[in-house]
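J.: Numbering (numbering that gives the first Met the number 0), first residue to last: 0 to 529.
Backbone N, C-alpha and C define an ideal beta-carbon position, used for all residues, glycine too.
Can you read through this structure? Questions will come right after.
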Amino acid sequence: MSKEIIKINISGMTCVNCSNGIEKAVNKLDGLLSSKVSFASNEGEFEIENKLLDKEVLFNKIRKLGYGVEEDLKALEKSKLIAYNKLKYNFFISISLTIIMLYFVLFPLQDLVNNQYVMFSLATVIQFYSGRRFYILAYKAVSNKNYDMNVLVALGTSAAYFYSVFVVFFPSLFPENLRFLYFDGAAVIISFILLGRLLEERSKAKATDFLKKLMDLAPLNATLISKDGSFKTILATQLKIGDKVLIKTGEKISTDAVIVKGSADIDTSMITGEYMPIYKTIGDEVISGTLNTNGIIEVVVLRESKDTTLSKIVALLSTAQSKKLPISRFADNVANIFVPIVIAISILTFLAWYFIVGDALNAILASISVLIISCPCALGLATPIAIVSSVGKAAQEGILIRNPEILEIIKDIKYAVFDKTGTLTSGIISVKDAIYEEKYLDILASLETKSEHPISKAIVDFAKNKNIPLNIELEDIKLVPGLGISAIYENKMVLIGSLSFLKNNSIKLDSQYLDFYNNSLKEGAGVILA
0 MSKEIIKINI SGMTCVNCSN GIEKAVNKLD GLLSSKVSFA SNEGEFEIEN
50 KLLDKEVLFN KIRKLGYGVE EDLKALEKSK LIAYNKLKYN FFISISLTII
100 MLYFVLFPLQ DLVNNQYVMF SLATVIQFYS GRRFYILAYK AVSNKNYDMN
150 VLVALGTSAA YFYSVFVVFF PSLFPENLRF LYFDGAAVII SFILLGRLLE
200 ERSKAKATDF LKKLMDLAPL NATLISKDGS FKTILATQLK IGDKVLIKTG
250 EKISTDAVIV KGSADIDTSM ITGEYMPIYK TIGDEVISGT LNTNGIIEVV
300 VLRESKDTTL SKIVALLSTA QSKKLPISRF ADNVANIFVP IVIAISILTF
350 LAWYFIVGDA LNAILASISV LIISCPCALG LATPIAIVSS VGKAAQEGIL
400 IRNPEILEII KDIKYAVFDK TGTLTSGIIS VKDAIYEEKY LDILASLETK
450 SEHPISKAIV DFAKNKNIPL NIELEDIKLV PGLGISAIYE NKMVLIGSLS
500 FLKNNSIKLD SQYLDFYNNS LKEGAGVILA
């Protein structure tokens with residue numbers, strides 16, 4: 000038996016019951032072993048038995064339910080943008096006409112019959128143009144024996160709308176004390192629910208922002224070095240294992256690779272959290288998405304783009320965001336049975352008011368109110384959005400959460416143990432102490448302005464705080480990755496960097512500087528020599 004796990008992006012889901020409905024419908028297919036659909040991240044993960052179920056059959060089943068299947072993330076984002084803009088337009092129409100309608104409620108025309116017709120016209124546009132999405136989604140839900148919020152909205156607003164229609168066109172059917180119009184009530188409900196949907200979509204988009212930024216870390220293009228030594232720009236996704244790639248200063252690493260020529264300072268902060276660039280030379284591995292801050296290197300590809308460390312981190316975060324906590328699964332189960340219960344309560348409410356209390360007007364109002372105010376979406380949406388937001392925010396702060404169930408028990412943590420101090424910093428380097436001759440500081444600081452290294456910036460800031468001018472003209476400036484920087488000033492060599500850098504250039508230090516150097520290292524500080 001051959002099993003396959005299929006991960007797809009699903010567009011068109013409007014509430015948590017949509018994801019529940021998809022799971023419920025596809026679970027009936029022979030050969031489907033498990034299904035997991037996340038409304039918050041618009042993702043679906045299905046395990047199928049290949050011999051019993053073809054994935055196209057699965058995709059067609061989801062499409063038949065009224066949802067889109069997007070295997071390409073960019074296609075999903077495009078589909079979501081179109082849907083969001085359409086939703087925004089419908090809301091704009093609905094809220095604009097609702098405001099006009101409320102004006103006629105507060106300041107009716109002297110001819111009340113004409114006022115009713117105006118109200119009817121405005122309400123009809125709102126009900127069947129801006130609100131038609133609820134009818135379409137409610138029909139799809141009911142036809143698949145799934146009862147979501149759209150069913151409630153369609154029932155509640157339709158009850159208010161059609162009751163008012165009969166009052167306008169067939170007033171003789173109602174006693175005078177029951178001839179009320181609820182056009183404005185239905186319109187306000189539709190407008191506010193559309194507003195809620197807009198806010199939900201914004202919350203989902205904001206929650207997944209960091210994941211999108213992480214995916215954008217990998218560069219689109221790469222400079223391939225051909226066998227004849229020529230250079231060719233290709234898509235990074237086209238790189239194959241063994242290809243040789245040129246990485247210049249300021250460029251991102253195209254894919255996981257090993258350096259075969261040159262050396263460079265690599266900024267890995269977005270991946271590892273290390274603020275300081277790391278010196279890499281021949282034989283060292285580099286990670287996709289990290290930045291070459293200084294140096295030119297040639298690398299050989301170790302992994303294709305889909306198997307890089309960055310892609311695995313993205314996949315890990317995506318999987319974590321789509322996982323359901325125990326409380327989330329409980330909320331989903333409640334949301335699934337919530338609508339039928341609400342409909343039953345609405346009917347019982349009408350019967351109780353009509354037959355027991357004997358108040359037909361309040362019987363209608365109470366039953367419609369039960370339908371309209373009930374919202375299972377909030378119940379099912381709160382936890383998924385909280386998971387997506389928490390996992391995304393943690394990743395933004397350099398913390399990867401593999402299993403979001405930890406979020407339920409994190410409140411009980413008393414102690415945190417870290418095995419790495421380099422990431423537990425403010426990320427700002429500054430000069431703690433210094434021993435130098437004042438007359439040389441302007442030369443050193445002017446040279447450091449030519450480097451983008453964080454240590455160079457710290458020295459420049461130190462000089463600026465002392466009002467040292469930084470306009471010294473230097474010649475033959477050379478940045479040496481991992482060691483330092485050199486230049487010529489008035490025919491003399493100027494060197495700034497590590498102790499080994501100075502020794503390699505036959506520079507000897509006085510005892511006072513060596514003592515300062517050794518004492519600073521004992522205190523855990525880094526030292527730059529010149």
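Round the Cβ separation of Glu-69 and Asn-19 to the nearest angstrom and send it over; I've been treating them as touching at under 8 Å.
T.: Not confirmed; about 20 Å, so no contact.
J.: Glu-48 and Gly-32 - do their beta-carbons sit closer together than 9 Å?
T.: Residue identity check: residue 32 is Leu in the sequence provided, not Gly. Yes, they are a contact pair.
J.: Using only the alpha-carbon positions, how far apart do Leu-469 and Ala-462 sit?
T.: Their backbone Cα atoms lie some 8 Å apart in a straight line.
J.: Is it buried or exposed for Val-112, if we count other Cβ within 10 angstroms and need 16 for buried?
T.: Under this definition Val-112 is an exposed residue.
J.: Helix, strand or coil for Val-493, going by three-state DSSP, please let me know.
T.: Correct three-state label for Val-493: strand.
J.: Between the beta-carbon of Gln-126 and the beta-carbon of Ala-185, is there less than 9 Å?
T.: Yes, the pair counts as a contact, with Cβ atoms nearer than the cut-off.
J.: Under three-state DSSP, which class holds Ala-433?
T.: If DSSP states are grouped into helix, strand and coil, Ala-433 belongs with coil.
J.: Between the Cα of Val-166 and those of Leu-360, Tyr-516 and Ala-343, spot the shortest distance and give me the residue it belongs to.
T.: Nearest of Leu-360, Tyr-516 and Ala-343 to Val-166, Cα basis: Leu-360.
J.: DSSP on Thr-222, reduced to helix/strand/coil?
T.: Looking at Thr-222 - three-state DSSP - the assignment turns out to be strand.
J.: To the nearest angstrom, how far is the alpha carbon of Ile-250 from that of Leu-309?
T.: Looking at the sequence itself, residue 250 is Glu, so the reference to Ile does not match. Rounded to the nearest angstrom, the two C-alpha atoms are 16 Å apart.
J.: Which one or two residues does DSSP pair with Phe-541 in a beta bridge?
T.: Outside the shown range of the chain (0 to 529) lies residue 541, about which nothing can therefore be said.
J.: Please list the terminal residues of the continuous alpha helix (DSSP H) segment that includes Thr-123.
T.: Per DSSP, Thr-123 belongs to the alpha helix (DSSP H) from 111–124.
J.: Is the distance from the Cβ of Ile-252 to the Cβ of Leu-219 below 9 Å?
T.: It is not a contact, given that the beta carbons lie outside the stated cut-off.
J.: Would you identify the three-state DSSP class for Leu-146, choosing helix, strand or coil?
T.: A small fix is needed here, since residue 146 is Tyr in this sequence, not Leu. Looking at Tyr-146 - three-state DSSP - the assignment turns out to be coil, as it is neither helix nor strand.
J.: Which residues mark the beginning and the end of the alpha helix (DSSP H) in which Phe-500 is found?
T.: 498–503 is the span of the alpha helix (DSSP H), which, as asked, contains Phe-500.
J.: Where Ala-486 and Val-390 are concerned, what is the direct C-alpha to C-alpha distance, given to the nearest angstrom?
T.: Answer to the nearest angstrom: the Cα atoms are 47 Å apart.
J.: If I follow the unbroken alpha helix (DSSP H) through Ser-37, where does it start and stop?
T.: Segment 31–37 is the beta strand (DSSP E) holding Ser-37; no alpha helix (DSSP H) there.
J.: What first and last residue would you give for the beta strand (DSSP E) that runs through Val-259?
T.: That run of the beta strand (DSSP E) goes 256–260.
J.: Count the CB pairs spanning the segment 288–305 and the segment 253–265 that are closer than 8 Å, and state whether there are at least three.
T.: The segment 288–305 vs the segment 253–265: in contact.
J.: Since Glu-474 is in the alpha helix (DSSP H), which residue starts that stretch and which ends it?
T.: No alpha helix (DSSP H) contains Glu-474, which is instead part of the beta strand (DSSP E) from 474–479.
J.: Taking contact to mean 3 or more Cβ pairs, one atom from each stretch, closer than 8 Å, check whether the segment 440–456 and the segment 476–496 are in contact.
T.: Enough Cβ pairs lie closer than 8 Å, so yes.
J.: Determine the extent of the beta strand (DSSP E) in which Glu-48 is found, giving its start and end residues.
T.: Note, Glu-48: beta strand (DSSP E), 42–48.
J.: In terms of residue numbering, what span does the beta strand (DSSP E) encompassing Asn-293 cover?
T.: Taken as a continuous stretch (DSSP letters only), the beta strand (DSSP E) holding Asn-293 covers 290–293.
J.: Excluding five sequence neighbours on each side, which residues of the same chain lie with their C-beta closer than 8 Å to the C-beta of Leu-238?
T.: Taken in chain order, the residues that qualify are Ala-221, Leu-223, Val-244, Ser-253, Thr-254, Val-300, Glu-303 and Ser-304.
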